[in-house]
Amino acid sequence: MSPVNPSFIGADEFRRLIAPSDAREALAAALAGPFDPETDPLRSSLTASTGAGELLSMPSTLGGWIGTKLATVAPNNAELGLPRIQGVYVLFDANTMSPQCVIEASALTELRTPAMSAVAVDKLAHPEASSLLVIGSGPQAVAHVHALAAIRPLTHIALRSRDTDSAERAIKSLREEGLPVTAAREGEQPDIIACCTSASDPVIADEEVKDGACVVAMGSHSPVAREVPTSVITRSQVVIESRATTLAEGGDVIIPINEGALADSDLTTIKQLFDGSFIRDFQRPAVFKGTGMSWQDLAVAAFAAKKAGL
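For my numbering, add 2 to where a residue sits in the sequence shown, where the first one is 1.
Structural data, given as C-alpha coordinates:
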(Lines of atoms letter the chains of each structure in order from A and count residues from 1; the text may use other names and numbers.)
(Lines give C-alpha, C1' and ligand atoms only; values in the text may rest on other atoms or scores of the structure.)
Protein backbone atom coordinates (compact mmCIF):
# COMPACT_ATOMS: atom_id res chain seq x y z
CA MET A 1 0.00 0.00 0.00
CA SER A 2 1.55 3.29 -1.10
CA PRO A 3 1.81 6.15 1.41
CA VAL A 4 -0.26 9.31 1.01
CA ASN A 5 1.73 12.33 -0.14
CA PRO A 6 0.14 15.45 1.38
CA SER A 7 0.12 18.69 -0.59
CA PHE A 8 1.97 21.75 0.65
CA ILE A 9 0.19 25.11 0.59
CA GLY A 10 2.60 28.00 1.01
CA ALA A 11 1.72 31.48 2.23
CA ASP A 12 1.20 33.02 -1.21
CA GLU A 13 -0.96 30.14 -2.45
CA PHE A 14 -2.99 30.20 0.78
CA ARG A 15 -3.74 33.90 0.35
CA ARG A 16 -4.85 33.26 -3.25
CA LEU A 17 -7.11 30.40 -2.17
CA ILE A 18 -9.00 32.06 0.66
CA ALA A 19 -10.19 35.62 1.20
CA PRO A 20 -10.94 37.25 4.57
CA SER A 21 -14.65 36.83 3.86
CA ASP A 22 -14.09 33.08 3.34
CA ALA A 23 -12.38 32.80 6.73
CA ARG A 24 -15.20 34.72 8.40
CA GLU A 25 -17.76 32.46 6.72
CA ALA A 26 -15.93 29.30 7.83
CA LEU A 27 -15.79 30.41 11.47
CA ALA A 28 -19.39 31.59 11.58
CA ALA A 29 -20.58 28.33 10.00
CA ALA A 30 -18.76 26.30 12.65
CA LEU A 31 -20.34 28.33 15.47
CA ALA A 32 -23.80 28.12 13.91
CA GLY A 33 -23.59 24.31 13.83
CA PRO A 34 -23.45 21.71 16.62
CA PHE A 35 -19.76 22.31 17.42
CA ASP A 36 -19.05 23.86 20.83
CA PRO A 37 -15.65 25.55 21.35
CA GLU A 38 -15.72 24.36 24.98
CA THR A 39 -14.79 20.89 23.67
CA ASP A 40 -11.56 22.17 22.10
CA PRO A 41 -8.35 21.15 23.91
CA LEU A 42 -6.07 23.79 25.36
CA ARG A 43 -2.85 24.51 23.51
CA SER A 44 0.22 22.71 24.86
CA SER A 45 3.79 23.95 24.89
CA LEU A 46 7.26 22.43 25.08
CA THR A 47 10.40 24.43 25.82
CA ALA A 48 13.32 23.64 23.52
CA SER A 49 16.32 21.91 25.10
CA THR A 50 18.43 24.86 23.90
CA GLY A 51 16.24 27.36 25.72
CA ALA A 52 15.80 29.27 22.45
CA GLY A 53 12.03 29.11 22.54
CA GLU A 54 9.01 26.87 22.73
CA LEU A 55 6.92 24.63 20.49
CA LEU A 56 3.15 25.11 20.64
CA SER A 57 0.68 22.42 19.59
CA MET A 58 -2.96 23.25 18.85
CA PRO A 59 -5.01 20.17 17.82
CA SER A 60 -8.71 20.08 16.99
CA THR A 61 -11.34 18.07 15.13
CA LEU A 62 -14.36 19.46 13.32
CA GLY A 63 -16.70 17.76 10.87
CA GLY A 64 -14.73 15.51 8.54
CA TRP A 65 -11.36 16.99 9.47
CA ILE A 66 -8.75 16.68 12.19
CA GLY A 67 -5.51 18.59 12.42
CA THR A 68 -3.03 20.56 14.45
CA LYS A 69 -1.04 23.74 14.22
CA LEU A 70 2.61 23.42 15.21
CA ALA A 71 4.21 26.77 15.90
CA THR A 72 7.51 27.81 17.40
CA VAL A 73 8.10 31.01 19.35
CA ALA A 74 11.71 32.22 19.47
CA PRO A 75 12.03 35.64 21.18
CA ASN A 76 15.60 36.25 20.00
CA ASN A 77 15.05 35.41 16.33
CA ALA A 78 14.93 39.07 15.33
CA GLU A 79 18.68 39.23 15.99
CA LEU A 80 19.11 36.44 13.43
CA GLY A 81 16.87 38.07 10.86
CA LEU A 82 14.21 35.39 11.36
CA PRO A 83 10.53 35.61 12.33
CA ARG A 84 9.67 35.38 16.03
CA ILE A 85 6.87 32.91 15.26
CA GLN A 86 7.09 30.17 12.62
CA GLY A 87 5.02 27.08 11.98
CA VAL A 88 2.87 24.80 9.86
CA TYR A 89 -0.66 23.43 9.97
CA VAL A 90 -1.06 19.69 9.33
CA LEU A 91 -4.54 18.71 8.11
CA PHE A 92 -5.90 15.13 8.08
CA ASP A 93 -9.06 13.46 6.79
CA ALA A 94 -10.98 12.49 9.94
CA ASN A 95 -12.45 9.38 8.28
CA THR A 96 -9.30 7.77 6.88
CA MET A 97 -6.89 9.67 9.16
CA SER A 98 -4.74 10.28 6.08
CA PRO A 99 -2.71 13.51 5.88
CA GLN A 100 -4.21 15.84 3.28
CA CYS A 101 -2.02 18.93 3.31
CA VAL A 102 0.50 21.04 5.18
CA ILE A 103 -0.17 24.79 5.30
CA GLU A 104 2.28 27.57 6.16
CA ALA A 105 0.97 28.73 9.52
CA SER A 106 1.75 32.44 9.66
CA ALA A 107 -0.56 33.22 6.74
CA LEU A 108 -3.26 31.07 8.34
CA THR A 109 -2.95 32.81 11.72
CA GLU A 110 -2.81 36.25 10.12
CA LEU A 111 -6.13 35.53 8.41
CA ARG A 112 -8.11 33.61 11.03
CA THR A 113 -7.44 35.96 13.96
CA PRO A 114 -9.04 39.09 12.44
CA ALA A 115 -11.75 36.88 10.91
CA MET A 116 -12.66 35.68 14.41
CA SER A 117 -12.73 39.26 15.64
CA ALA A 118 -14.97 40.21 12.72
CA VAL A 119 -17.40 37.39 13.52
CA ALA A 120 -17.71 38.70 17.09
CA VAL A 121 -17.88 42.38 16.10
CA ASP A 122 -20.59 41.62 13.55
CA LYS A 123 -22.74 40.39 16.45
CA LEU A 124 -21.73 43.06 18.99
CA ALA A 125 -21.19 46.37 17.18
CA HIS A 126 -24.06 48.67 16.33
CA PRO A 127 -25.32 47.95 12.79
CA GLU A 128 -24.53 51.56 11.79
CA ALA A 129 -21.10 51.72 13.47
CA SER A 130 -18.95 54.00 11.33
CA SER A 131 -15.77 54.74 13.31
CA LEU A 132 -12.91 52.44 14.26
CA LEU A 133 -9.81 52.87 16.42
CA VAL A 134 -7.08 50.26 15.96
CA ILE A 135 -4.33 50.16 18.55
CA GLY A 136 -1.14 48.67 17.15
CA SER A 137 0.57 48.89 13.77
CA GLY A 138 1.77 45.37 13.02
CA PRO A 139 0.33 42.76 10.64
CA GLN A 140 -2.61 41.98 12.94
CA ALA A 141 -3.52 45.65 13.27
CA VAL A 142 -3.55 46.09 9.50
CA ALA A 143 -5.47 42.84 9.03
CA HIS A 144 -8.07 43.99 11.56
CA VAL A 145 -8.61 47.20 9.60
CA HIS A 146 -9.39 45.14 6.50
CA ALA A 147 -11.58 42.63 8.36
CA LEU A 148 -13.67 45.21 10.20
CA ALA A 149 -14.03 47.55 7.24
CA ALA A 150 -15.64 44.62 5.42
CA ILE A 151 -18.52 44.30 7.92
CA ARG A 152 -19.39 47.89 8.82
CA PRO A 153 -19.73 51.14 6.79
CA LEU A 154 -16.61 52.75 8.27
CA THR A 155 -16.07 56.40 7.37
CA HIS A 156 -13.34 57.12 9.92
CA ILE A 157 -10.51 54.75 10.87
CA ALA A 158 -7.84 55.88 13.34
CA LEU A 159 -4.62 54.06 14.16
CA ARG A 160 -2.51 54.47 17.30
CA SER A 161 0.83 52.85 18.10
CA ARG A 162 3.85 53.41 20.32
CA ASP A 163 5.97 52.73 17.22
CA THR A 164 5.36 55.94 15.30
CA ASP A 165 7.42 54.90 12.27
CA SER A 166 5.50 51.64 11.94
CA ALA A 167 2.21 53.50 12.39
CA GLU A 168 3.08 56.00 9.66
CA ARG A 169 3.94 53.17 7.25
CA ALA A 170 0.71 51.33 8.05
CA ILE A 171 -1.41 54.47 7.63
CA LYS A 172 0.26 55.31 4.31
CA SER A 173 -0.25 51.78 2.99
CA LEU A 174 -3.91 51.63 4.04
CA ARG A 175 -4.65 55.09 2.60
CA GLU A 176 -3.13 53.98 -0.71
CA GLU A 177 -5.76 51.23 -0.71
CA GLY A 178 -8.45 53.89 -0.43
CA LEU A 179 -9.28 53.36 3.24
CA PRO A 180 -10.06 56.49 5.35
CA VAL A 181 -7.23 55.97 7.86
CA THR A 182 -5.61 58.71 9.93
CA ALA A 183 -3.48 58.95 13.05
CA ALA A 184 -5.59 58.77 16.21
CA ARG A 185 -6.43 61.99 18.04
CA GLU A 186 -7.10 62.47 21.74
CA GLY A 187 -10.69 62.65 22.89
CA GLU A 188 -12.17 60.32 20.28
CA GLN A 189 -14.87 57.82 21.26
CA PRO A 190 -15.11 55.42 18.33
CA ASP A 191 -17.87 52.90 17.73
CA ILE A 192 -15.36 50.03 17.52
CA ILE A 193 -11.94 49.64 19.16
CA ALA A 194 -9.54 46.84 18.20
CA CYS A 195 -6.56 46.26 20.50
CA CYS A 196 -3.86 44.46 18.51
CA THR A 197 -0.76 44.85 20.68
CA SER A 198 1.72 42.82 22.69
CA ALA A 199 1.27 45.12 25.70
CA SER A 200 1.05 43.77 29.24
CA ASP A 201 -0.88 46.74 30.62
CA PRO A 202 -4.06 48.46 29.37
CA VAL A 203 -3.74 50.40 26.12
CA ILE A 204 -7.12 52.14 26.27
CA ALA A 205 -8.64 54.43 28.88
CA ASP A 206 -12.13 54.17 30.33
CA GLU A 207 -13.17 57.52 28.89
CA GLU A 208 -12.40 56.33 25.35
CA VAL A 209 -15.09 53.64 25.57
CA LYS A 210 -18.60 55.03 25.19
CA ASP A 211 -21.78 53.14 25.96
CA GLY A 212 -22.71 50.99 22.98
CA ALA A 213 -19.13 50.70 21.76
CA CYS A 214 -17.57 47.35 20.85
CA VAL A 215 -14.02 46.55 22.00
CA VAL A 216 -11.86 43.69 20.75
CA ALA A 217 -8.90 42.58 22.88
CA MET A 218 -6.86 40.01 20.95
CA GLY A 219 -3.22 40.92 21.46
CA SER A 220 -2.30 38.75 24.46
CA HIS A 221 -2.82 35.19 25.61
CA SER A 222 -1.21 35.45 29.03
CA PRO A 223 -3.05 35.36 32.37
CA VAL A 224 -0.98 38.33 33.60
CA ALA A 225 -1.27 40.58 30.52
CA ARG A 226 -4.20 42.68 29.38
CA GLU A 227 -5.11 45.47 26.98
CA VAL A 228 -8.41 46.58 28.56
CA PRO A 229 -8.68 48.08 32.08
CA THR A 230 -10.95 46.64 34.75
CA SER A 231 -13.09 49.78 34.68
CA VAL A 232 -14.12 49.02 31.08
CA ILE A 233 -14.62 45.31 31.70
CA THR A 234 -16.94 45.81 34.67
CA ARG A 235 -19.40 48.03 32.77
CA SER A 236 -19.40 45.90 29.63
CA GLN A 237 -21.04 42.79 28.28
CA VAL A 238 -18.01 40.49 28.15
CA VAL A 239 -17.86 37.84 25.43
CA ILE A 240 -15.17 35.14 25.39
CA GLU A 241 -14.18 32.27 23.09
CA SER A 242 -14.59 29.57 25.75
CA ARG A 243 -14.45 29.46 29.53
CA ALA A 244 -11.65 26.90 29.66
CA THR A 245 -9.38 28.83 27.29
CA THR A 246 -10.12 32.32 28.56
CA LEU A 247 -9.81 31.42 32.25
CA ALA A 248 -6.40 29.88 31.49
CA GLU A 249 -4.98 32.52 29.13
CA GLY A 250 -7.15 35.65 29.01
CA GLY A 251 -5.63 38.23 31.34
CA ASP A 252 -8.24 40.82 30.34
CA VAL A 253 -10.78 38.59 32.12
CA ILE A 254 -8.61 36.76 34.66
CA ILE A 255 -7.23 39.92 36.28
CA PRO A 256 -10.66 41.50 36.99
CA ILE A 257 -11.89 38.15 38.34
CA ASN A 258 -8.89 37.95 40.68
CA GLU A 259 -9.61 41.53 41.78
CA GLY A 260 -13.17 40.52 42.67
CA ALA A 261 -14.57 42.93 40.07
CA LEU A 262 -15.91 40.26 37.67
CA ALA A 263 -17.58 36.87 38.11
CA ASP A 264 -17.70 33.81 35.88
CA SER A 265 -21.46 34.33 35.64
CA ASP A 266 -20.82 37.70 33.96
CA LEU A 267 -19.23 36.00 30.94
CA THR A 268 -20.93 35.12 27.65
CA THR A 269 -19.34 32.66 25.22
CA ILE A 270 -19.06 33.27 21.48
CA LYS A 271 -21.28 30.21 20.97
CA GLN A 272 -24.09 31.99 22.83
CA LEU A 273 -24.04 34.75 20.22
CA PHE A 274 -25.24 32.12 17.76
CA ASP A 275 -27.72 30.07 19.82
CA GLY A 276 -30.14 32.90 20.53
CA SER A 277 -29.46 33.14 24.28
CA PHE A 278 -27.60 36.49 24.12
CA ILE A 279 -29.28 39.90 23.87
CA ARG A 280 -27.08 42.89 23.06
CA ASP A 281 -27.62 45.88 25.35
CA PHE A 282 -26.48 49.01 23.52
CA GLN A 283 -26.70 51.00 26.76
CA ARG A 284 -23.43 49.25 27.67
CA PRO A 285 -20.15 48.60 25.86
CA ALA A 286 -19.31 45.08 24.72
CA VAL A 287 -15.84 43.53 25.00
CA PHE A 288 -14.75 40.48 23.01
CA LYS A 289 -11.68 38.79 24.48
CA GLY A 290 -9.89 36.54 22.00
CA THR A 291 -6.84 34.40 22.67
CA GLY A 292 -7.00 32.17 19.58
CA MET A 293 -8.24 28.59 19.60
CA SER A 294 -7.37 25.41 17.74
CA TRP A 295 -10.78 24.99 16.10
CA GLN A 296 -10.42 28.36 14.38
CA ASP A 297 -7.24 27.27 12.60
CA LEU A 298 -8.90 24.00 11.60
CA ALA A 299 -12.07 25.62 10.24
CA VAL A 300 -10.08 28.00 8.03
CA ALA A 301 -7.50 25.36 7.01
CA ALA A 302 -10.28 22.97 5.97
CA PHE A 303 -11.97 25.71 3.94
CA ALA A 304 -8.68 26.36 2.12
CA ALA A 305 -8.17 22.63 1.50
CA LYS A 306 -11.61 22.35 -0.07
CA LYS A 307 -10.91 25.39 -2.25
CA ALA A 308 -7.71 23.63 -3.36
CA GLY A 309 -9.73 20.58 -4.37
CA LEU A 310 -8.45 18.29 -1.62
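Using N, Cα and C, we set each Cβ at its ideal position, and we do this for glycine too.
Here Gln-88 carries a strand assignment [DSSP, helix/strand/coil]. With a 10 Å radius around the Cβ and a threshold of 16 neighbouring Cβ atoms, Met-220 comes out buried.
If only uninterrupted alpha helix (DSSP H) runs of at least 4 residues are considered, those enclosed by the segment 206-290 are 232-236, 245-251, 253-260. DSSP, read as helix, strand or coil, puts Arg-164 in coil. Met-118: member of the alpha helix (DSSP H) spanning 107-126, first to last residue.
With a minimum length of 3 residues, the unbroken runs of beta strand (DSSP E) contained wholly in the segment 132-204 fall at 133-137, 158-162, 183-185, 194-197. Annotated three-state conformation of Glu-56 is strand, per DSSP. By the criterion of a C-beta distance shorter than 8 Å, Glu-261 is surrounded in its chain by Thr-232, once the five residues flanking it on both sides are discounted.
DSSP places Val-75 in the uninterrupted beta strand (DSSP E) bounded by 67-75.
Spanning the alpha carbons of Asp-193 and Pro-129 requires a straight line of approximately 10 Å. Sequence-distant partners of Ala-172 (beyond 5 residues in either direction) whose C-beta falls short of 7 Å from its own C-beta, in its chain, are Ser-139, Ala-143, Val-144, Leu-161. With a 10 Å radius around the Cβ and a threshold of 16 neighbouring Cβ atoms, Gly-252 comes out buried. Ranked by Cα distance from Ile-242, the options Ala-185, Lys-291, Ser-200 are led by Lys-291.
Spatial neighbours of Ser-296 in its own chain (CB-CB distance under 8 Å, excluding positions within 5 residues in sequence) are listed in chain order as Asp-42, Pro-43, Arg-45, Met-60, Pro-61, Ser-62, Thr-70, Lys-71. Going by beta carbons, Ile-11 and Ala-307 fall inside the 9 Å limit. Pairing Leu-134 with Leu-110 gives a Cβ-Cβ distance that is not under 9 Å. The residues Glu-106, Ser-108, Ala-109, in chain order, have a CB closer than 7 Å to that of Ala-13 in the same chain once the five nearest residues on each side in sequence are set aside.
In the three-state DSSP reduction, Asp-95 falls in the strand class (E or B). Thr-49 is classed as exposed because its beta carbon has fewer than 16 other beta carbons within 10 Å across all chains shown. Nearest C-alpha to Gln-239 among Ala-227, Pro-225, Ser-222, Asp-266: Asp-266. Partner residues in the beta bridge of Thr-63, as assigned by DSSP, are Ile-68. Residue burial is scored here from C-beta neighbours: Gln-285 has fewer than 16 other C-beta atoms within 10 angstroms and is therefore classed as exposed.
Taking the Cα positions, Glu-190 is about 14 Å away from Val-205. For Arg-282, the closest C-alpha among the options Ala-122, Glu-229, Ala-151, Gly-294 is that of Ala-122. Take Ala-30, set aside five residues on each side of it, and the residues of its chain with a beta-carbon closer than 7 Å to its own are Val-121, in chain order. Here Ala-34 is exposed, its C-beta having fewer than 16 other C-beta atoms within 10 Å. Taking Ala-28 as the centre and dropping the five residues before and after it, the same chain places the C-beta of Ala-301, Val-302, Phe-305 closer than 6 Å to its C-beta, in chain order. A straight line joining the alpha-carbon of Ala-250 with that of Pro-225 spans about 6 Å. The alpha-carbon of Val-104 is positioned some 6 Å away from that of Val-90.
Beta-bridge pairing by DSSP links Leu-48 to Leu-57. Looking at His-158, Asp-213, Ala-246, the one whose alpha-carbon comes closest to that of Ile-235 is Asp-213.
Residue environment for Val-6: exposed (fewer than 16 other C-beta atoms within 10 angstroms of its C-beta).
For Ser-23, the uninterrupted alpha helix (DSSP H) run begins and ends at 22-34, by DSSP.
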